[in-house]
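Step one of this worksheet: look at the structure below.
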Amino acid sequence: MTQIDASLDVLRLCSGIDRLSGNGATVAEIHNFSYFSCLLSVYDGRSAADWGYDFYATPTGSPYARILDAAIRDLSAAGFLLPGLEALALSTSGEAVLGELERHALAAERMRYLDAAAGAAALVPLPTVTRALAQEPQLRRVFGAPTKRDLLDEAGYQLVRPHFQVLAEAFEEQGMADADLALSGAIWLMALTKSEEEGE
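Have a look at this one:
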């Protein structure tokens, strides 16, 4: 199921980011938004292992998943993704394949997190997502490290858990315990951006 998950993620995110930017989605954006989607699923009480594939932090402090790169290559080779100058967009056949993947029963819950990530980016400027995620505790910790590092393992979870607890408690205090995931994600991104600006 992992390859199908990755293909769905690439196509759904590419479509969602293209709607926001009008310029398609870069490979880096696909990796960032998939990682953000996985983080939102963890915030929602799921295990990172449920996402179906692992992420690593690159020395530049960016999230990366090998299977996403493989899915992008395969989808591009099949003509489902069209290359632009700097970004990818869905072809007509890619839209049809996305429609088929979306009809699978197991895709519904996954799409909830993918759409929440894109929805959060509709509430904050699109470039803010990448900039803010670089301040996520795990990615900030490994910035400049000479090798890739695992993300969302137990140690990584312990780094982000306090962030999620504070966010959940803040919503609960405001009587918004069931706040929309996109709104939760957007507020978390803004908090990360603020911490960067304050040099925390």
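Using this note's numbering, the letters of the sequence shown map in sequence onto residues 8 to 207. Virtual Cβ for every residue (Gly too), placed ideally from N, Cα, C. These figures come from a predicted structure and were not determined experimentally.
Within a 10 Å sphere around the beta-carbon of H38 sit 16 or more other beta-carbons, which makes this residue buried. Counting only the Cα atoms, G106 lies some 34 Å from V167. Along the length of the segment 71-143, whole alpha helix (DSSP H) runs at least 4 residues long occupy 73-84, 99-109, 114-130, 133-140, reported in chain order.
Within the DSSP bridge table, the entry for Y50 names no partner. A buried status is given to S69, since no fewer than 16 other beta-carbon atoms sit within 10 Å of its beta-carbon. Residue range 9-28 is occupied by the alpha helix (DSSP H) that includes D25. Between the segment 117-128 and the segment 18-27, the count of Cβ pairs shorter than 8 Å is three or higher; the stretches touch.
D57 sits in a helix when the DSSP states are folded into three classes.
A straight-line Cα-Cα distance of about 10 Å links V173 and E180.
Close CB contacts of L89 within its chain, under the 6 Å cut and outside five residues either way in sequence, are with A96, S98 (chain order). Relative to I11, the option among L130, G86, Y60 whose CA is nearest is Y60. For A55 and N30, the gap between their C-alpha atoms comes out near 30 Å. Between V17 and A78 the beta-carbon gap is near 5 Å, inside 8 Å, which marks them as a contact. Annotated as proximal: V136 and L196, with beta-carbon spacing under 8 Å.
A Cβ-Cβ distance of about 11 Å is found for the pair F178 and Y50, leaving them out of contact under the 8 Å criterion. If you draw a 10 Å sphere on the C-beta of A112, you find fewer than 16 other C-beta atoms in it, and that means exposed. Here G192 is buried. Its C-beta has 16 or more other C-beta atoms within 10 Å.
For V104, the closest C-alpha among the options L92, A94, S83 is that of S83.
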